[in-house]
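Counting from 1, position 176 in the sequence shown corresponds to residue 176 in the UniProt record's numbering; the numbering is continuous, with no gaps.
Glycine is no exception: its CB is placed at the ideal position from the N, C-alpha and C atoms.
Note that the structure is a prediction, hence the values are computed from the model and not measured.
Following: one structure in structure tokens, then a few remarks.
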Amino acid sequence: MKTILVVQGKGGGPKTATARNLAVAAAVAGLRVGTLDTDPQGSLTFWHGQRPGDAVVIAHEHRLLSAIDRAPTPDGLDLLVIDTPTAIEVFPGPTAILFDSADLVLAPVRPGPEDLVSMDAMLPYLRARRRPIRLLLSQIQPRLRETVDAREIVGRMGTLAPVMIPQLQEVPRSFTAGLGTAEIAGTRTGPLFRDLWAYLAEEMGI
């Protein structure tokens, strides 16, 4: 089983949207996928509870970060996607357990200056965990100069995923439907999340 840890330096960003859509993209690709929600806000858990009966199967568990005392090892999965709370450094012991179990850390970041500063401040903490880190630009508006600048800035911070996720209402709408955009026909971000998964799968050697 491979494990992806999704982290974010600033609240209100695309962390949970990335986690759920990545999980769906992997499940659509044929993997046995599970999600672990360690955020007390429980947004990923709410989303999972909304999933329709005919959606691709994704196992799920909600366990607060503060309650993590061992590496998550669910049976029968090919991939586990872990959604974390923003302030992971508040619980150093449980956080260390999750990092030790992760094959890859995915850090989505929006192109705004506050998010870029927050991510830059968080990266030394992430690098100290000694796990592969991939940065993802999300909620972008492709034609804006800020997006071009952010791509250059984030590219200097670390390894940037070759996929960028645009800011489209189909993403929050899929949350209330309990779906990922990769399982909704005609979405623009669905193929992008599938491309993101294909890239991360190759990076992890799947």
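Length of the line joining the Cα atoms of residue i and residue j
i, j, result
"residue 74", "residue 116", "34 Å"
"residue 77", "residue 66", "24 Å"
"residue 112", "residue 27", "31 Å"
"residue 126", "residue 1", "22 Å"
"residue 121", "residue 114", "11 Å"
"residue 171", "residue 181", "7 Å"
"residue 119", "residue 158", "11 Å"
"residue 91", "residue 123", "17 Å"
"residue 129", "residue 169", "34 Å"
"residue 145", "residue 202", "31 Å"
"residue 9", "residue 185", "32 Å"
Sheet register partners of residue i (DSSP bridge)
i, result
"residue 160", "135"
"residue 83", "6, 37"
"residue 109", "137"
"residue 166", "140"
"residue 104", "4"
Other residues of its chain near residue i: CB distance less than 7 Å, five sequence neighbours each side excluded
i, result
"residue 167", "139, 140, 141"
"residue 150", "111, 116, 137"
"residue 40", "64, 85"
"residue 183", "24, 28, 55, 56"
"residue 199", "161, 162, 163"
Residue i and residue j closer than 8 Å at C-beta
i, j, result
"residue 106", "residue 134", "yes"
"residue 6", "residue 86", "no"
"residue 42", "residue 60", "no"
"residue 35", "residue 17", "no"
"residue 103", "residue 189", "no"
"residue 97", "residue 38", "no"
"residue 31", "residue 80", "no"
"residue 109", "residue 148", "no"
"residue 175", "residue 47", "yes"
"residue 20", "residue 44", "yes"
"residue 68", "residue 94", "yes"
Element boundaries [alpha helix (DSSP H), containing residue i]
i, result
"residue 25", "15-28"
"residue 97", "92-101"
"residue 204", "189-204"
"residue 66", "Here residue 66 belongs to no alpha helix (DSSP H), and DSSP marks it neither H nor E."
"residue 44", "43-49"
Extent of the continuous beta strand (DSSP E) to which residue i belongs
i, result
"residue 61", "58-62"
Cβ shell of residue i (< 6 Å), same chain only, five flanking positions each side left out
i, result
"residue 131", "99, 102, 105"
"residue 204", "2, 103, 104"
"residue 163", "192, 195, 196"
"residue 33", "23, 26, 27, 58, 79"
Within-8 Å CB hit, residue i to chain B
i, result
"residue 202", "No chain B is present in this structure, which holds just one protein chain."
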